[in-house]
Structures are given as C-alpha cells and as structure tokens.
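Going line by line, the protein sequences match chains B and W.
The working numbering puts the first residue of the first sequence at 1, with every later residue one more than the last.
The working numbering puts the first residue of the second sequence at 1001, with every later residue one more than the last.
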Amino acid sequence: MSAQIILPKTAPFDDDSIAGLNRILNQASETQRAWLAGYLAGLDAANASPAAPPAARPAEPLAILYATESGNSEALALDAAKLARKQGFKPTIIDFADLDVAALASHKRVIVIAATWGEGEPPARAARAYGALMSASAPALTDTTYAVLALGDSAYPDFCSVGKAIDERLEALGGRRAVERVDCDLDFEAPARDWIARSLKELAPEPVAANVVAVDFGGRVAGETSRDPVEAEVIEHVDLNSSRSSKETIHLALGFEGLAPAYEPGDALDLFPENDPVLVDEILRLTQLVDDGLRGELVTQRDVTTLSVNLVEKYAAATGHAGAKALLDEGRAREWVAGRQFVDLLEAFPATLAGEQLRALTRPLPPRAYSIASSRKEVGEEAHLLISAVRYESFGRPRAGVASTFVADRLKSGASVKVRLKPNRHFRLPENDADIIMVGPGTGVAPFRAFVQERRAVGASGRNWLFFGDRSFTHDFLYQLEWQEALAEGSLTRLDLAFSRDRPEKVYVQHRIAERRREIVDWIENGARFYVCGDANAMAKDVRAALVEAFAEVRALTPDAAEEQVAGLERSGRYLQDVY
Amino acid sequence: MTMTDKLSRNEHIKAESGYLRGAIPEELAQIVTGGITEDSQQLVKFHGMYMQDDRDLRAERTRKRLEKAYSFMIRLRIPGGVCTPEQWLKLDRIARDYANGTLRLTTRQTFQYHGVIKHNLKTTMQAIDDALLDTLAACGDVNRNVLATSNPHRSRAHKAALDLATRMSEHLLPRTSAYREIWLDGEPVVGGEEVAEPIYGKTYLPRKFKAVVAVPPDNDVDIFAHDLGFIAILDEAGEVLGWNVTVGGGMGMTHGEPDTFPRVADVMLFCEPQDALAVAEAVVTTQRDWGNRSVRKRARLKYTIEDRGLAAFRAEVERRVGKALEDPRPFSFTSTGDRYGWVEGEDGRSHLTLFIENGRLRDIPGGPSLLTGMRRIAGIHKGEFRCTANQNVIIANVDPQDRPAIEALVAEHGLTSQATALRRNAMACVAFPTCGLALAESERYLPDLVTALEERLALHGLAEDEIVIRMTGCPNGCARPYLAEIGFVGKGPGRYNLYLGAAADGTRLSKLYADDLPQEQILATLDPLFAGYAREREEAERFGDFVIRAGYVAQTFKGADFHDATGPLNRAVEAGA
Ligand code: SRM
Ligand SMILES: Cc1cc2nc3c(=O)[nH]c(=O)nc-3n(C[C@H](O)[C@H](O)[C@H](O)COP(=O)(O)OP(=O)(O)OC[C@H]3O[C@@H](n4cnc5c(N)ncnc54)[C@H](O)[C@@H]3O)c2cc1C
Ligand SMILES: Cc1cc2nc3c(=O)[nH]c(=O)nc-3n(C[C@H](O)[C@H](O)[C@H](O)COP(=O)(O)O)c2cc1C
Ligand code: SF4
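Below you can see the structure in the form of structure tokens.
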C-alpha cells in the first residue's frame, strides 16, 4: 500500500479542488498513479524544448502591508497571503510597525490593508511608518503597482481616512493603482474577500512559459482561529461599581458548551449584541412600518443607531426628503450627524419607508470587542469580560451604547449570547521571568486581570506592577478584593492607584507614573515590558507622554532623546498597547 | 490577678502604642484598602477619628468584589463650640472637598465630618490645622471636647464659662507628639517620651471622659449627663464666685445588661475659680487610678463612683488638690434647650440662634441649602459662631449693620430660628448609615416621626407646648435620650424602646415605658398620654412631670434604679394605652 496523499492546503487549487484531488488520488491504485505521473511528465516533456529542462519559475514577490490596531487588517493580510501563494506569488507580510519606508521602492507589487483609528488616525504601532510615508523623504514609487484596502467604521466622521490617505500618497509618489480602493465598514469580511481576489488577479504577472511553479511550503500561518461565533451562557452578571457610583461596569462571566474559545491572555472576544427593542419600536413607528419579522431582524441584525453622512445621502435619495437634501446641499450634513443617531434623522425628516428600504439603509449590526479578563488556566472553560455601560445624552435624548447596555440591561444570568474570539497577538505576556508594568484604568484593567491570573497559574517569577484608576476609590475600585488578595499572596507585586473624583484635584494614572518615574525607568531598564490598555483618546497618549517625561527626568535626556527611548521600546515590542 | 481582673484588650493596645502611634503611619500608606486594623482603629480615636463603613452599602459589597465602604468620621475639638467666620469658611470647604458634603453639629458643641476616605485623611487633617483647629482627643479614652453653656444672654458668665472650658481642654490635652508627627508631618520626637503624659501616663484613662461648664438657669449643656461638670455660682452682679463641681454623669448602657445604666451626675463640692483646674485634674487622675480597666462596659467614672461611693471619691479628690473644699451651693436650672431667635446680651450685642435639624448642615437639591446659607453668612459675619449642645448654631456678636443681610440669607437658604414646638425640642443622634453601633434609624427617621407626632399634639391642642423629645439608634445615648421627656432608643430595625418621665431641666432620668416598640405603634402608644396631658395637666406642668404624677410611669430616682419598675403603670393600662 502506498502512503496517503494529501495535497497541502497551500496547493495552488481552491479548497474544493484540493478535496476532490485528494479523494481521487487516495482511491487510485499504484498503477493508476504511475500512469498519471508519467502522462503528466510526458505531456510537459513533449511541450518543452528539449534543451531546457523544466525550470521552476520564481514565484512573483508580493509585499502585503498592514496597519492594524485590533488585528482585523492583520488577519486579512494573512488571508491575502494565503490566497496569493496559491496563485503563484511569493508573499511577504509586513507590519507597518516594522516597515522601512525607504525600502518600499524595491517592492514591485504592494498590497496595503490599513485601519483607521482614534479620530482619523493610523493605528498606534503604524504611526511611525505612516508618518514617514507621508513625509517629504518618502521614496519615489514609479516602479510600484499597488492596491489599498481600507478598514474603518462608518460611524466615525473620518471614515477610512488612513486608507484613503495611503492610497492617494502612493499614487502621488508615482505608484500605479492596480485596483480601486475599497473602504470597508465593520462588516468587512465579504467585501474584503472580494477585493483581495480582484487585486491578486490584477497584480498577477503576465502568463509565462514556465510550467512548474516553485512551491513555498514555508510561512505557514500559525494558530488560525475559528471566525465563527459560538454561543456562550452568562454564568455571572454583576455590576462591579457600587450602587452609589456614577458608573456601571459589568463583570460578565461566560461559560461554554464544551471548550471555551482557545484564548490567550491579551485576546478579546467579539460580542454580538441586540438593539434595544424600545428604540426599534420607535424606528418602526417613525417609518410607519408594522412587520414583526422586520422587527426581529432590526433587533438582532441591523445597525439602527449609527448615523453617517453616507446614510443621510442614501436616505435623501430613497425618500426624496427636501430637508435631508438641504442638509447635504448646504454642506451641513457632517456637522448635523455628529452626536445624532439614525432615529434623529427619521424624526427630523419623517418619511414612510418600505421594509426593504429600511433594510437597505441600515448596515449589519457589528459585534463589539471586549478584552478578556480571565485566564483559562485559572477559570477553566470560562471567559470573563468587563464591560462599561455607555450612557449619555445628546440632542435631548438619553442614549445607550448598543452592546454595553444590551449586556448591562438585558443580558441576565442564564441567558446566552454569541461571541467570537478576536485574538490580539500584539498584546501578549513576555517570558515568565520578565517583569511587567500594566497601566489599565477603568475597563483597561480587564486584560491585566487575565495577565495576573495567568502568571499566578504558571508560577511566573517576573514581577507584576499595576497602575489602576477610576473615579472613586470607594465606589469604582474594580476587582478591589481580588487585587488585595493578589498583593497579599504576591501575584501582584505593586499597585498604584489614581482616583479622579476623590478630591478637588484630579489624579490620573499618568500622575502616578510621574511620581514613580524613577522605579519605572529602573524596571524598564531591567527588561520590564510596559503595557497600556483602555481609553485611546486621552489616557493612552497621556501615559505615553508621562513615560517619555519620566525618561527625560530620570536619565537627564533631551525631549527628543527621551522620545526615542520610548519609540525604541515600541519598536522592540516592549511598549505595548491595547486601546480603544 | 484573677481572671476578671485581666486588663481589657484596649489597655494593651494603648500600652503598646508608643503614646498613640502604633502602626498608624504604615496602615495609612496601604492604598489597596480604605480600612485600618482593629488596633489602629482604637488608636485613631485619640486623634479624633473613627473608622466607619457605609452600612447602606454593606449588603452589596462582597458580590461586587469590593471591601466594605470604609471611610472616617472626624470630630473636631472646639472648646465651648466657638469658632470664627474664617474658620467656618475653611471647615465648610473641607466638608465639600474631602467629606460627604455635610457638616454635622454634634450634641457636644463641635463639628463632625463623615465620609473622609483614608487616602484623604492627612490632607483633611492638615486643612483642619490650617484653620487653626485640631481633633486631638476629640474621641478616645481621654478628656474630650469641653462644653460651655452657649446661651448668650449672660455675657460675662458666658465668657468665664468659655474661658474655663478652654483652659480645662488645654490642660487635660494629651501631650504626645504623635498627632503632629502622623498628620502634620512633624519630626518624630526622639527620647523624652517617658514624661510625655504627665496627667495620663502610658495607658491614658480607662474610658472616655467628658467635661462641661454650665451657667444657671440654662442647662443647655445637659450637665448631669457628663463625667465632670462645673456649675457657675454667680453673685448678684453676675460675676462668677466659684463653681459647683458635678461628677459621675453618663448615658451609655447596654440592652439586657442591667449593671450598665445611665446616671445623672452628683453635685460633689464647691470650688473657687482659682482651684477649678486643680479639681478637674484631680477628678481625672483619680478616675485614671480608680477606674475599671478590666471591663470596659463598667469603666466610666459613673461606675467608679457607684462602686466606691461619692464620699470616698470626694475625699480622694480633695487629697489630690491638697485641701478641703466646700459643699456645693444652691443653684437651679430651668431648661436644657436653646433660646432660639435673636437675643440681646448684657453687653447689648445681638445673637441669633438658628435651629438646625439634627445638626446636619447640607444642601438638598431643590430644597433648603443650609450649608451654603451658613457659608454665605460666614462670608459677611464679623462676630463668631457658637455650636450648641443641642446641635444648633448661634451667630454671635452680630454687628447691628449686618442684621438685615443675615436675616435675608437665613430666609433665602431655608435656615430658621422658628421651628415648631416639638421639633425645636427634638434631637437625634447620627445612627445609620455611618454609625457602626446603630441598631435602628435615628437622624433619618426622627424628623418624620416629629411631623406625625405634631399632628397628634395639635389635635389635642398641644401644638405650642414644649416637650423635649430625643432619639438614638442604640442605647449608648449620644443624643441623651434618657434625659428627654420622650426618649426613643433603638432596639432593632424599626423598633424602639420608649422612655418617659425625665425632667425638662435635665435633673431626672426617664423610665422605660414600652419595650421594643415597632415604630408603627408609636403614635397609638403616645396618643392616650397626650390626651391625658391635655385634659389633666396642672398649670405649667411639663409632660415629663405629668406622666409620673398621673401614674403612667414610675419615677427614676437615680441611675442604679433605672431598670427597676419599668413598663406602664396601672393608670396607663386603665387608659388603654
Ligand atoms: C455625633 C454624636 C451624636 C450626635 O448626633 O451629635 C455621637 C456619635 C457617636 N458616638 Fe456618642 N456621640 C455624641 C455624643 C454622645 C453623648 C452625649 C454627650 O456626651 O453629651 C453620649 C452620652 C454621654 C455619655 O458619654 O455617657 C455618647 C455616648 C456614646 C457611647 C456610650 C458611652 C458609654 O459610656 O457607654 C458610645 C459607645 C462607646 O463609647 O463605646 C458612643 C459612640 C459614638 C460613635 C462614635 C460610635 C462608635 O463608637 O463607633 C458615634 C459616631 C456616629 C457617627 O456616625 O457620627 N457614644 N455620645 C455626639 C458627638 C459628641 C461630640 O462632639 O463629642
Ligand atoms: C480591542 C478592543 C477591546 C475593547 N475592550 C473593551 C473592554 O474590555 N471593556 C469595554 O467596556 N469596552 C471595550 N472596548 C470597547 C467596546 O468594544 C465598545 O466600543 C463599547 O462597549 C461601546 O459599545 P456600545 O455598543 O455599547 O456603544 P455604541 O452603541 O457603539 O456607542 C458608542 C458610541 O457612542 C458615542 N458616545 C459614547 N459616549 C458618548 C458621549 N459621552 N457623548 C457623545 N457620544 C458618545 C460615540 O460615538 C461612541 O463611539 C474594546 C474595544 C476594542 C476595539
Ligand atoms: C477607538 C476606535 C477608534 C476608531 N476610529 C475610527 C475612525 O476614525 N475612522 C474609521 O473609519 N474607523 C475607526 N475605527 C474603526 C476601526 O478602523 C475598525 O474597527 C477596523 O476594523 C479596525 O481594524 P484593525 O483591527 O486592523 O485595527 C475606530 C475603532 C475604534 C475602536
Ligand atoms: S446613640 Fe448609638 S446609634 Fe446613635 S450615634 Fe451613638 S452610638 Fe451611634
């Protein structure tokens, strides 16, 4: 009996063909296989010039660049590479964090997949290379053919602005655009798959005579995770803030039928929320729709809150509403949508809609990411999340964050919820003997609870220092009893706290970092990793600035030299952030 | 030493504390907890603070992975309760910056802060220091804040009383430098501590010790409720000739333990002004040496005197003073209340006494804004403020020019000097949610009960009658309920012991009338007595006297018989009460 034949998944066939070939080849007798090998070889030999033995044509190099914060672009880059390989490319995947912009010109074919963060900013790790690309020193790219895929969220006014800027910049530098850019919203999977296929086709080299392609068996993508949502059961649901607090932060323990998703500390879960039925009913009332099927679909499937200029355009087109048109014509739409939601549009410019129209106007309801706050080594087949309820008022209406208040208000113990693993391989614990400094105010503390659990479970010898902050010591000290225990038993080495509303002067984690600068610099110079998690807008920037300042003070460096110290930490993966 | 002679735990804590230091600084530095250890809790009392936790929140905390909602109550030491407008403004600021946004006037003429978290303690203490005030010995086994009558109409005697109270407070203050060291970042004192406490010694007193100074006919300081009292004996011109000295008063007792009881003080002797401090010190040191250091429940001076007898105690005091002293002189009190409204002093200056319900100064959104009102008054007032022992405040020595402005502010902020009759004679202790010892509500409940009772009284035509009513959340008696004509003492949630028959001048204790009364039955229990009072009282007869004369309840003659002959007497049973 001959050995099993299994064509690798990387074979240049699609999945169905691979399965089919495997089935046929494995059922074939030895005679049949020999015949096939001989036949194929003979065919080739007959077509080749006898002087030139069949030579492997080198696979076409393709650079796949990605700029990511939460891993979506990265995952797509990996998908693209896999497909590219099958189609005869030799892909190189390059994180913007490691990109040498000066060397960009050496790549003839380039795919860029870039996410937009903050308020129209590049992902933090990508900021340096992005800056270089935008600067005057960027190289000419006259020999380069490229394609850009932009990731974003149409809820933000600067939708996909980073992808757009890169696209324009590459063109300005002399590059040739192979395909039009696509701006993906949060439901990026299908459009991205489509775009990748088209790009590879456009970027493919001219057909050549060579008939044997060198097969790259290396570069296998490690640890792929299932992208399918799984059902989880809520086994604990408790608001960790005191009833006297102005905040509401839910500790949500999820259990799974069988195994929990194979998460590592630092990973997140995407949680698939449902809309507030009261809001959906209001939308149905405003559009004068009565349709129970539609109601259910709106609650579970459609994004009925986000309002963008694009949506106003679609609405104006669908309804012909003069008011909505005027908004657009007078250029006031961008300003008008800020702080408003879909329901405000319906209320301000009422129109009767058909169910189909409403469906077409809304985008699919995107899941929300939540850092996992537990380690499987400690909690077994559970995953814990820490979710802060978003509530505010704007334009006279109380507003509620879709996912966070779905969890806070409507997801009770015993209920089930769909989640999907969202790995973050850029936010991992270091070797067991390395020290870590964790800065995680508010829900930013979630992954650090996972870190401390993990390090306790594996008996890691590195020291663990946590900076936590929130509004009030008495009412908002998330997981206080657990930190007390961790300190007592030594799994937490140090704890510094910053509560902003306990006294007239506001104290934040960056102030504590400034106070402890000497020891922090000591720790870092001894190899400690520095982690930041939580609010991206203010906190993460202030913390980084505080660390730069700390180096400047303690080591008597110029601001530039201190900045370079921290940038160096970032480049070497010792300053890590997971911010949102 | 026999087993019962074993020193109480607190004695060891004091002895080993190095003059009230213990591990306080280290525990303040532990940021992960808002609490401190049991031992340190005992020690910080001497520095004027109690660790507490918000009892309203207790049930939810563990589930939320939070420790108890610890915070600290801080009590100031303000002899005679007198402070300046500048000080008021600073104290007000502290209340809003570091405490729960309230200033609490206490039954002992001072302020308390509630809700100061551990991490703000030092800053708060430094801010208090900045106001030239302190909290040293406001609590703990020492002589505490000394009261002086605050009723202002006898200007000269008031001055003398305040002067004695201040000197006594200073004289009996602990000398340890721990307070400066811990709170104000003073330098640690090396050596020399052996003589640090000439009056107290290493272990201070066996128990708390309270002193007051009164000027008849006002007994606003409730002199018989205190360990040590001085009653001014005046000549015809109103000058102080000397002082009658009282000893052995106290309120605290424990439910179900009849060897603990409230006691009115004995009037022990008369001393001349120049001997007053020496007498005070002798009383303190005798109690230091004679007091019970094994059983804390029996450690107050009142039990020392019960156990040793007044004569022996007096002899020892005289021995320590170094001379024989005279017997007490005649005096008489009329009332324990405050004189609300404007009062002219002998010196022609005006004083305005405001009624502050249960002493709580705060702003209620959409309601009265007492804290702001007082702050604005402090902003223009040029005289002083006096806290009263009835939890009220006097705006004293008002410049005639400022009167209209002050009156306008009083009206604007819902302050008042004209509460209804029962309400202005009402007092409740703090109890829930801060007091760790509370068994039932007090400050948060009495106002509503008074409203309900006032309706009843009005039906009986008694709306204008002065009846002293007091409530405490437990039998410790912080609002001196056993000296009230109607006293409620918490027994459990929503349940109270009802005491009746105390004298309105503060000289006679009450008697238990109804045990463990559910609060819903309070009105029905008192109504027949109000009816009887309206029908049968004699000219100017007080309710506290009436219930005894009319045979509703037995009279209490002295502390030791407080627990005897309790319950409604025949008359009450006949009346269907
Ligand atoms: C604030 C105040 C009541 C008020 O509503 O104003 C008060 C409040 C407390 N008293 Fe009091 N006492 C207050 C006047 C009194 C009085 C009245 C007086 O002195 O004229 C008494 C009765 C007189 C006496 O001492 O006998 C009083 C007898 C007690 C006792 C019982 C003492 C005893 O001998 O049995 C305790 C409990 C104890 O000491 O063990 C106590 C204990 C307490 C504590 C500290 C509870 C504790 O030990 O944990 C209460 C704090 C509650 C809170 O949250 O603020 N408090 N306490 C008064 C503060 C006075 C001050 O400024 O110093
Ligand atoms: C990788 C990652 C990890 C995360 N981890 C966590 C975590 O551990 N815990 C956690 O709680 N969250 C976490 N988040 C955030 C989380 O995904 C959601 O964004 C958040 O819960 C809000 O979602 P929502 O559906 O409740 O609100 P949405 O319905 O999405 O509404 C949020 C939007 O409301 C608007 N808004 C919010 N507040 C105001 C205001 N005050 N005024 C005006 N407008 C306002 C803003 O436009 C905001 O974008 C994480 C995000 C990422 C990307
Ligand atoms: C805090 C935050 C800010 C964001 N800001 C923008 C933005 O300004 N514009 C935009 O188009 N998308 C914005 N997004 C959406 C992301 O670009 C989108 O989630 C994308 O899929 C992330 O890709 P990544 O995982 O590769 O980082 C933001 C997302 C978060 C969580
Ligand atoms: S009487 Fe009791 S309940 Fe009231 S404050 Fe005093 S100790 Fe607390």
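Even for Gly, the Cβ is constructed at its ideal location relative to N, Cα and C.
Coil, strand or helix - residue i by DSSP
i, result
"R571 of chain B", "helix"
"Q1418 of chain W", "coil"
"N1358 of chain W", "helix"
"S404 of chain B", "helix"
"I1078 of chain W", "coil"
"N211 of chain B", "In this prediction, N211 of chain B has a pLDDT of 47, which is less than 50 and means its spatial position is unreliable; what the coordinates show is noted afterwards. Correct three-state label for N211 of chain B: coil."
"N424 of chain B", "coil"
"M1253 of chain W", "coil"
"S413 of chain B", "coil"
"S1071 of chain W", "strand"
CA nearest to the CA of residue i, picked from the options
i, options, result
"A460 of chain B", "B:A165, B:A316, B:G490 and B:D228", "B:G490"
"P1273 of chain W", "W:T1135, W:I1469 and W:D1163", "W:D1163"
"L492 of chain B", "B:D502, B:R501 and B:Q480", "B:Q480"
"L1091 of chain W", "W:T1372, W:I1522 and W:P1493", "W:T1372"
"A1299 of chain W", "W:D1227, W:T1037 and W:T1566", "W:D1227"
"E1357 of chain W", "W:E1412, W:D1448, W:I1078 and W:T1304", "W:D1448"
"Q1126 of chain W", "W:A1408, W:D1054 and W:R1093", "W:R1093"
"E206 of chain B", "B:E347, B:A192, B:G88 and B:F159", "B:G88"
"T1353 of chain W", "W:W1290, W:L1241, W:R1167 and W:V1398", "W:V1398"
"R1320 of chain W", "W:A1276, W:D1363, W:S1008 and W:L1057", "W:A1276"
"N1120 of chain W", "W:Q1052, W:Y1098, W:R1339 and W:R1535", "W:Y1098"
"R1077 of chain W", "W:L1103, W:Q1109 and W:K1068", "W:Q1109"
Rounded separation between residue i and residue j - CA only
i, j, result
"A498 of chain B", "T1203 of chain W", "39 Å"
"R1537 of chain W", "D1516 of chain W", "28 Å"
"A204 of chain B", "P58 of chain B", "13 Å"
"A155 of chain B", "T306 of chain B", "5 Å"
"V1213 of chain W", "V1393 of chain W", "18 Å"
"E202 of chain B", "A556 of chain B", "54 Å"
"L240 of chain B", "G1544 of chain W", "51 Å"
"P1025 of chain W", "A1572 of chain W", "58 Å"
"C533 of chain B", "D185 of chain B", "24 Å"
"I1395 of chain W", "L1089 of chain W", "14 Å"
"T1033 of chain W", "S243 of chain B", "19 Å"
is_contact[residue i, chain W] using C-beta, thresh 9 Å
i, result
"H251 of chain B", "yes"
"W483 of chain B", "yes"
"Q577 of chain B", "no"
"P504 of chain B", "yes"
"Y370 of chain B", "no"
"F217 of chain B", "Annotation note: pLDDT 43 at F217 of chain B (below 50); position unreliable, no value reported."
Within-9 Å CB hit, residue i to chain B
i, result
"I1013 of chain W", "no"
"N1151 of chain W", "no"
"S1071 of chain W", "yes"
"I1394 of chain W", "no"
"I1036 of chain W", "no"
"V1032 of chain W", "yes"
"Y1050 of chain W", "no"
"I1117 of chain W", "yes"
"Y1113 of chain W", "no"
Item to check | Lining residues of ligand 4 - beta-carbon closer than 5 Å to any non-hydrogen atom, in sequence order | outcome: Near ligand 4, residues with a Cβ at less than 5 Å from any of the ligand's heavy atoms are W:C1429, W:V1430, W:A1431, W:C1435, W:L1437, W:A1438, W:T1472, W:G1473, W:C1474, W:N1476 and W:C1478; the list follows chain order.
Checklist entry - When a residue counts only if its C-beta is closer than 5 Å to some heavy atom of ligand 2, which residues count, in chain order? => result With 5 Å as the limit between CB and the heavy atoms of ligand 2, the residues that fall short of it are B:S70, B:A268, B:R368, B:A369, B:Y370, B:S371, B:I387, B:S388, B:V390, B:Y392, B:G401, B:V402, B:A403, B:S404, B:T443, B:A446 and B:Y580.
Item to check | chain A contacts made by the stretch 457 to 478 of chain B, where a contact means CB separation under 7 Å | outcome: No chain A appears in this structure, whose protein chains are B and W.
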